[in-house]
Structure formats: structure tokens, C-alpha cells
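Chemist: Heads up: the sequence shown begins at 564 in my numbering, then just goes up one per residue.
Below is the structure I would like to discuss, written out as C-alpha cells.
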Amino acid sequence: MNTSRFTRFGFILAAVGSAVGLGNVWKFPYVTGEYGGGAFVLVYLITALFVGVFVLIAELLIGKLGQSDAVTMFENLAVKKKNLWKYAGFIVVVPLIILSYYSVVIGWIFHYIALSFQGLPATVEESKSIFMSLLTTDVKTQLMYHTVVFVLVTAIILKGIKDGIERINKILMPLLALILSVLFIYSVTIDGSFGKAVHFMFDADFSKLSSEAVIVAIGQAFYTLSLGMGIIITYAASLPKDANIVKSSILISIIDTTVAIVAGLIIFTLLFDKGAESTKGAGLVFISLPSVFYEFGSIGSVLALLFFVAIAFAGVTSAISMLEPMVSYFVNRFNYSRIKAAMICSIFFYVLGIAALLSNISDYSPMLMVGDKGLFDWLDFVASTILVPIGGILAVVFVGHFMDKETINGELVPLMGSALTKVWFFMVQFVIPIALIIVILNETGLFKF
Ligand code: PFF
């Protein structure tokens, strides 16, 4: 049982804090760039707003009805095959795996916050060499910042739901909203370039849309909403009893999507204004943008500082959410103290994170390569492209086929009527699992659509 609960507002903030992260401000803009803009964004929007809301409702239902840790809830709420469903709880390990390298990336962001004070790179070449030397040679800096993240998130998690998670989200999320608003207003005033960014993101040219882009958009929608990892399920177990899970789901997905779109518009406006190319992949934020900020002159350092602080806030609130499912499992199931549970989980992600960062360092990378990828890339690939969709499938199949239908109807019909509840059932029972299976087959290359 939870000893402390979120307030209603605190829950929304914490769920949004988990959802809004590097996925919105870093990954979404670069995958949008990579897959050609407009049509990709449209597919993402449809998936995040519709599919996302359906799955959020499913996960909130599990938490609200289960009132325990994610592993125990699968077991307790199953009306058949209980013995099998307890294994579905393995998904609580997935966010810890993600956290190992996510923490390293937050560390890079801390480094770039420092860089905004010290001086930005004047050219893309210089920018590239700064980033590549951080990534492939600088163990000390990466380790130092990874350690800072480790200490920070552990300290917050130790304080529990209300005094730790809710409180930090209440501070960081409004600040994040404020900073993004300032950056957005600034971008809107850059006349021609803002228009170009809008066209790039919203002119849907379907001839450019490959099936791969559709699948990446679906995967991104899940990742960005923190679905399929036991996080929303765990947070929802601490929902206040009178919370409306349908309204909460809609709100979470609208805010998360808005942040992604706003971040994309800011980044593309700044890039287009200086005629910069959008570097593919991670480099968009860490290579292209810093030299673009430089070109903005003295205001550029302020823009850079605000931008990297915003991503750091977004990243930290997501990072905290990744620890909680496993911590709450240990506390609940084995009666561990919160300190003991938090230390075990944090040390796990910390050590794995060190191995991940070493796998990018030239001297060590040959030892940490498997096939064509280093450990860092493997962790990201296995966790976000395979395990997250599997977690999503488990959640919807569970709610759709293995929980008590009457109880679910009792929760949902008063909130959204029986017709919509039927549509929801059809989506979680059939449409969403099939779509996710297609995502996994495609991403793993087992079957290309
Ligand atoms: N939703 C977060 C983001 O968009 O950055 C990512 C994330 C959060 C992934 C929590 C995994 C997780 F457990």
C-alpha cells in the first residue's frame, strides 16, 4: 500500500513530468528532421493523441484498480492466468535500463549548460569536434555528470511520492513551461524563419512518407508518453480516489504533444534562420544548435542557456519516474526500506550507465561492441524499440482480455459513455496490440513492412 498519495494536480504534473523529456525536446525534432517533416508529424500527432490516450486510460485503470506496485497489480487484477501475468511485471526493469544511458545524455546537457557560459562553438566543424571529443574521449566529464544525475535522482526518489516526486515536479514543470514560452515567443518574432519551420513541420507530403516513418512515429508516441514501462501504472496507484482517469489521460497527452511541437518549432526556426543543416540524429541538438546559437551573437548565449536548462529539467523529471516502478516494487513486495530499494535501483542504473558511456569511448569501445553496435546503442535499441512496445502490448492485452470487464465498465462508462467505452475496448483488445506487433517486427528487421 502507498503511504502517500499525489494530489490531483500533483499527479498530472508528475505524469507530464515523466512524459515530457528528452524524447520531446531532443528526439522528436531529430526524427522529424530525419523523416522529412509534415507527414511524419501528422502520423505522430494522430498516434499520440488517439492511440496514446487509449493506452494511457488502460494504464491508469490498472493503477487505479490495482493500488499496488506494477508487478503485484498484474497478478492481482488478472481474472485468469494469474501465474503467467505476474511475469508481465518484468517491465519495471525496462525504465531502469533506459535510465542508465538517459542519465548519461542528461550529463551531456549539463556539460552544454556549462558551455553556454564558457563560450559556444563558432562553426559547425568546431561544434562537431567538441561533441565528438566529449563522446569518444572524455570519460572524466561524462562520469562526473552521470554521477551528479545519480545523486540528484536518488535523493529525490528517497523522499517519496509527495515530498519527492510531486514537489520537484511542482517546481521544475512550471519553470520548464516558462522557459519554453520565452523561447517560443522569441522564435515567433523571427519572421520568415518561423514560417519556414511551420511549413516544414505541418506541410504533409505523403509521397515522402515511408512505412518505416509511420512505424517510427508510432514508436515515438509510446516512448514520449512513457507508456509500456510500468511508470504510469505505478504513478496511478497513488492517484487520489476521485481522479478522473479519462480527463487526466487526455490532458497528459495534449500537454506532452504540445511540448514536442513547440520544441520542434523553436529548434527548426533557429536552424532555418541561420541556414543551418539539420544534422541527423543526436547531433541536431548537440552539434547543429550550439553553433547556431553562436551566430545569434550575445543573445545566443542566453538562448543556449535557457534551451539546455529546459531540456535538463525535462530530463530530470523523466529520470525520476524511471526509478519509481522498481523502487515501489521492492518496498511493497519485500518490505525493503525506501533507502535500500532506491540504492539498489540507483546503483544498478549507475553502473550500467558507466558501461554504456565507456562503450562510446574509443579506447574501450572494441570491448563493449556486440555486432555492429556499442553497448550504449544496444541498450537504447533493445529498451525503446523492443521492450517498450512489448510492455505496451502487455498492458493493453491485459486490460482488454484479462481484467474483469464489469469492473472496467463500472469505471469507464460513467466517464465516457458506453459507446466510447466499446470503441476503447475494441482498440485495446485488437487494434493497438496488432499495431505494436507490426512496430516490433519492423524495428527488429524480422519483417519489413
Ligand atoms: N517520456 C520520456 C521522454 O519523452 O523523454 C522518456 C521516458 C520516460 C522513457 C520514462 C522511459 C521512461 F521510463
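Every residue, glycine too, gets a C-beta built ideally from N, C-alpha and C.
Please give the ranges of any alpha helix (DSSP H) in the segment 681–751, keeping only runs that are unbroken, at least 4 residues long and fully inside the region.
Modeler: Runs found: 687–699, 702–721, 730–751.
Chemist: Residues around the ligand PFF, please: the ones whose beta-carbon is closer than 6 Å to some heavy atom of it, in chain order.
Modeler: So the residues near the ligand PFF by this Cβ test are Ser581, Ala582, Gly584, Leu585, Gly586, Asn587, Pro658, Ile661, Tyr786, Thr787, Ser789, Met792, Ile794, Ser881, Ser884, Met885.
Chemist: How many angstroms separate the CA atom of Asp754 from the CA atom of Ala877?
Modeler: Distance between the alpha carbons of Asp754 and Ala877 is about 28 Å.
Chemist: Grab the span of the alpha helix (DSSP H) containing Tyr786 for me, first residue to last.
Modeler: From DSSP, the alpha helix (DSSP H) with Tyr786 extends over 774–787.
Chemist: Cutting at 8 Å between CB atoms, please list the residues of its own chain near Met564, excluding the five before and the five after it.
Modeler: Note that Met564 scores a pLDDT of 42, beneath 50, so its modelled location is shaky; the value from the coordinates is reported in the next line. If we look at Met564 and ignore the five residues flanking it on each side, its Cβ neighbours are Gln630, Ser631, Asn895.
Chemist: Applying the 10 Å Cβ sphere with the 16-neighbour rule, what's the burial state of Leu886?
Modeler: It counts as buried.
Chemist: Spatial neighbours of Val1002 within its chain, please: C-beta separation below 7 Å, excluding the five flanking residues on both sides.
Modeler: Within the same chain, Val1002 has close Cβ partners Ile778, Ile781, Gly782, Pro952.
Chemist: With DSSP run on the structure shown, which of helix, strand or coil describes Val933?
Modeler: Of the three classes helix, strand and coil, the one that applies to Val933 here is strand, per DSSP.
Chemist: What residue from Leu834, Leu788, Leu706 has the CA that sits closest to Ala621's CA?
Modeler: Of Leu834, Leu788, Leu706, the residue nearest in Cα terms is Leu788.
Chemist: Would you kindly check if the distance between the Cβ of Ser900 and the Cβ of Thr832 is under 7 Å?
Modeler: It is not a contact, given that the beta carbons lie outside the stated cut-off.
Chemist: For Ile956, which residues in the same chain have their Cβ closer than 6 Å to its Cβ, ignoring the five residues on either side in sequence?
Modeler: These residues qualify, in order along the chain: Pro996, Leu999.
Chemist: So, do the segment 762–774 and the segment 930–947 have three or more beta carbon pairs nearer to each other than 8 Å?
Modeler: With the cut-off at 8 Å, the segment 762–774 and the segment 930–947 do not touch.
Chemist: Thinking C-alpha only, which one of Lys691, Glu974, Tyr708 is nearest Ile676?
Modeler: Comparing Cα-Cα distances from Ile676 to each of Lys691, Glu974, Tyr708, the minimum goes to Tyr708.
Chemist: Thr699 to Phe591, Cα distance in whole Å?
Modeler: Each residue's Cα considered, the two are about 24 Å apart.
Chemist: Which residues in the same chain as Thr566 place their Cβ atom closer than 6 Å to its Cβ, once the five residues preceding and following it in sequence are excluded?
Modeler: Bear in mind that the predicted position of Thr566 carries a pLDDT of just 49, short of 50, making it too unreliable to give a figure here.
Chemist: If you follow the alpha helix (DSSP H) that Ser816 is in, where does it begin and where does it stop?
Modeler: Per DSSP, Ser816 belongs to the alpha helix (DSSP H) from 808–836.
Chemist: Using the Cβ count rule (16 or more neighbours within 10 Å means buried), how would you classify Thr610?
Modeler: Buried, since its Cβ has 16 or more Cβ neighbours within 10 Å.
Chemist: Apart from the five residues just before and just after Glu858, which ones in its own chain have a Cβ nearer than 6 Å to its Cβ?
Modeler: Answer for Glu858: Lys837, listed in chain order.
Chemist: Count Cβ pairs between the segment 979–998 and the segment 645–659 that sit closer than 8 Å; are there 3 or more?
Modeler: Contact fails: fewer than three Cβ-Cβ distances are below 8 Å.
Chemist: What's the gap between the Cα of Ala628 and the Cα of Leu612?
Modeler: One point to set straight first is that residue 628 is Leu, not Ala, in the sequence displayed. So the alpha carbons of these two residues sit roughly 24 Å apart.
Chemist: Below 8 Å on the Cβ atoms is my guess for Phe569 versus Ile693; work out the distance and round it to an integer in Å.
Modeler: The pair is not a contact, with the Cβ atoms about 41 Å apart (cut-off 8 Å).
Chemist: Quick one: Cα of Phe637 to Cα of Ile917, how far?
Modeler: Distance between the alpha carbons of Phe637 and Ile917 is about 32 Å.
Chemist: Label Val614 either buried or exposed according to how many other C-beta atoms from any shown protein chain fall within 10 Å of its C-beta, with 16 as the threshold for buried.
Modeler: When all chains shown are included, Val614 counts as buried.
Chemist: Measuring straight from C-alpha to C-alpha, what distance separates Val604 and Ala919?
Modeler: So the two alpha carbons sit approximately 31 Å from each other.
Chemist: Under 8 Å by Cβ, that's how I've got Phe683 and Gly863 pegged, so tell me the actual separation to the nearest angstrom.
Modeler: Checking the sequence, you will find Leu at residue 683 rather than Phe. Confirmed, about 6 Å.
Chemist: Are at least three pairs of beta-carbons, each pair with one atom in the segment 814–823 and one in the segment 973–989, less than 8 Å apart?
Modeler: These segments do not touch.
Chemist: With a threshold of 16 other CB atoms inside 10 Å of the CB of Phe1010, please say whether the residue is buried or exposed.
Modeler: Answer is exposed; the Cβ neighbour count stays below 16.
Chemist: Taking Ala602 as the reference, give the member of Ile874, Glu969, Ser925, Ala767 with the closest Cα.
Modeler: Minimum Cα distance to Ala602 is reached at Ala767.
Chemist: Compare the beta carbon distance of Ser581 and Ser881 with 7 Å and say whether it is the shorter of the two.
Modeler: A contact, by the Cβ cut-off of 7 Å.
Chemist: At which residue ranges does the segment 944–991 contain complete alpha helix (DSSP H) runs of 4 or more residues, listed in the order of the chain?
Modeler: As far as the segment 944–991 is concerned, its whole alpha helix (DSSP H) runs of at least 4 residues are 951–960, 968–989.
Chemist: Could you compute how far the alpha carbon of Ala784 sits from the alpha carbon of Leu623?
Modeler: Their backbone Cα atoms lie some 17 Å apart in a straight line.
Chemist: For Pro592, does the three-state DSSP call read helix, strand or coil?
Modeler: Three-state DSSP puts Pro592 in a helix.
Chemist: Could you please give the first and the last residue of the uninterrupted alpha helix (DSSP H) stretch that includes Thr635?
Modeler: Looking at the DSSP string, the run of the alpha helix (DSSP H) that includes Thr635 is 633–640.
Chemist: Could you give the first and the last residue of the continuous alpha helix (DSSP H) run that contains Glu887?
Modeler: Its alpha helix (DSSP H) spans residues 861–897.
Chemist: Which whole-angstrom value is the C-beta distance of Ile830 and Leu852, which I expect to be below 8 Å?
Modeler: About 7 Å separates the two Cβ atoms, so the contact holds.
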